[in-house]
Amino acid sequence: NCGSVKHIPLGELRSRYQELNRDDEIVAFCKISLRGYEAEGILEGLDFKNVKVLEGGIVSWPFGGEK
Numbered sequence: 613n614c615g616s617v618k619h620i621p622l623g624e625l626r627s628r629y630q631e632l633n634r635d636d637e638i639v640a641f642c643k644i645s646l647r648g649y650e651a652e653g654i655l656e657g658l659d660f661k662n663v664k665v666l667e668g669g670i671v672s673w674p675f676g677g678e679k
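Residue numbers for the sequence shown follow the working numbering, so the first one is 613 and each next one is one higher.
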């Protein structure tokens, strides 16, 4: 169960972070995880404590990245 899902593009994260709950676990991801790590840094700088990155991005996720 993934709880709830919210898509916020990296370029909008600084203006939309209020849509996220600081108490929730947040998993940031992109295609290969570079922007995921950038999102993690932004959120941690905004005092989010439970942020993780999908290592390797969506292409490494067993159900999302296979061709």
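Backbone N, C-alpha and C define an ideal beta-carbon position, used for all residues, glycine too. As the structure is a computational prediction, the values presented were derived from the model and not from experiment.
Taking the Cα positions, Trp673 is about 18 Å away from Gly615.
Leu666 is a Cβ neighbour of Val639, given a cutoff of 7 Å.
The C-alpha of Leu632 lies about 18 Å from the C-alpha of Cys642.
Excluding residues up to 5 positions away in sequence, nothing lies with its Cβ nearer than 6 Å to the Cβ of Gly657 in the same chain.
Under DSSP, Lys664 forms a beta bridge with Val639. Between Leu625 and Ile654 a beta carbon distance of about 5 Å is seen, short of the 8 Å cut, so the two are scored as contacting.
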